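Data first, discussion second: the structure below is written as structure tokens.
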Amino acid sequence: MLSYIVKRLLQLIPTLIGVTLFAFLLVAAVPGDPAQIIAGDSATPEEVEIIRSQLGIDKPLYEQYTSYVVNILHGDLGSSLRSGQPVLDEILSRFPTTFILTAMSLIIMIIVGLIAGIASATKPNSLRDNVSMMFSLFGISMPVFWMGIMFILLFSYYLPWFPSGGSTEFKHFVLPSIVLGLSASGVLARLTRSSILEIVNQDFIRTARAKGLKEKYVIYKHTLKNALIPIITIVGMEFGILLGGAVITETVFSMNGIGRYVVESIQFRDFPAIQGSILFISSLFVFIILLVDLSYSVVDPRVRYEN
């Protein structure tokens with residue numbers, strides 16, 4: 001296992017290099033001069049050129065990228081053009097909000113998705129199955145921002161149960177986490193249904209039923225356990241997707257997380273903040289996928305990791 005982990009960590013290096021290159025080139029391709037933004041419209045060309053030299057953006061792109069990677073290796077993601085503060089410090093200060101939102105959304109997604117998927121698979125082609133799949137289709141189809149606005153209108157305006165924005169108390173996370181969780185639960189419900197239906201028709205399930213085991217025991221002990229690998233895979237991928245979905249949700253609900261920080265940085269053309277946020281979220285997603293791969297052997301002892 002240890003050698004496999006080391007091997008996978010080494011395999012992550014090209015991926016992370018690709019992420020840094022993507023973040024760098026994406027921002028480099030955006031029109032606008034950071035030096036001009038910092039100096040202001042009234043600055044002289046000489047003042048703008050001095051700032052360009054200080055930022056290092058007067059050098060060729062390959063030199064800028066090399067310097068960018070070296071700074072990353074030293075834990076320096078640059079300074080925000082808006083606030084002048086280190087980008088990494090600003091990201092870390094907002095990360096708890098995004099993490100709590102994502103974790104709560106993931107819990108809701110797992111609970112709702114598994115219940116809907118199991119309910120559908122145990123009674124295929126029934127009314128319960130059709131209702132569950134219609135619900136999952138609704139979650140997949142509805143845009144997150146639209147669901148957020150509808151939830152604010154219903155549960156903050158007509159029924160003032162929850163605040164419409166903020167991120168300082170637990171109640172601020174309820175509506176946005178439900179919105180994100182429901183939007184992602186549809187995919188999990190459909191995958192759970194198909195995985196269980198595939199396992200149910202196998203010989204060992206028929207044997208368990210022939211022994212007289214209760215149906216609930218057969219479903220939850222044997223069937224669901226053997227269907228966990230694809231479910232865990234989609235849960236890990238959805239965690240990364242939920243991090244991305246937080247960009248929209250945090251903006252709709254005025255939450256002080258990384259997602260809103262990205263939107264504000266784009267509006268003000270804060271290039272170091274955009275690059276740092278992309279790199280941080282992408283790197284986190286890459287390591288989550290690694291943890292998902294390592295969890296396979298925990299849920300299924302038949303999985304073995306070889307060098």
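Heads up, the sequence shown is in the UniProt record's numbering, so the first residue is 1 and it goes up one at a time.
Cβ coordinates follow ideal geometry from the N, Cα and C atoms, glycine included.
Quantities reported herein were computed from a predicted structural model and do not represent experimental measurements.
Would you call Glu63 buried or exposed, if buried means 16 or more other Cβ atoms sit within 10 Å of its Cβ?
-> exposed
Beta-carbon contacts of Phe280 that lie in its chain and below 6 Å, excluding the five residues immediately before and after = Ile91
Use the C-beta contact count for Val70: other C-beta atoms within 10 angstroms, 16 or more gives buried, fewer gives exposed.
-> exposed
Find the nearest neighbour of Val174 within the set Gly117, Val286, Pro163, judged by alpha-carbon distance.
-> Pro163
Can you name the residues that DSSP bridges to Ser79?
-> Pro86
If you drop the 5 nearest sequence neighbours on each side, which residues of the same chain put their C-beta closer than 6 Å to that of Val6?
-> none
Looking at Val286 and Leu12, is the spacing between their C-beta atoms short of 7 Å?
-> yes
Count the other C-beta atoms from every protein chain shown that fall within 10 angstroms of the C-beta of residue 389, then say buried if there are 16 or more, exposed otherwise.
-> Given a span of 1 to 307 for the chain in the structure shown, any question on residue 389 remains unanswerable.
Ile17 burial status per 10 Å Cβ neighbour count (16 or more: buried) | exposed
Residues near Phe268 by beta carbon distance below 6 Å, same chain, minus five either side | Arg82
Quick one: is Arg193 buried, meaning 16 or more other Cβ sit within 10 Å of its Cβ, or exposed?
-> buried
Grouping DSSP H, G and I as helix and E and B as strand, with all else coil, what is Trp146?
-> helix
Between Val263 and the rest of its own chain, which residues show a CB-CB distance below 7 Å, the 5 nearest in sequence each way excluded?
-> Val247, Thr251
Answer yes if the stretch 185–203 comes into contact with the stretch 234–242, meaning at least three C-beta pairs across the two stretches below 8 Å, and no otherwise.
-> yes
From Gln202 to Ala227, what does the alpha carbon distance come to, in whole angstroms?
-> 12 Å
Have a look at Ile231 and Ile241 and give me their C-alpha separation to the nearest angstrom.
-> 15 Å
For Pro124, three-class secondary structure by DSSP = coil
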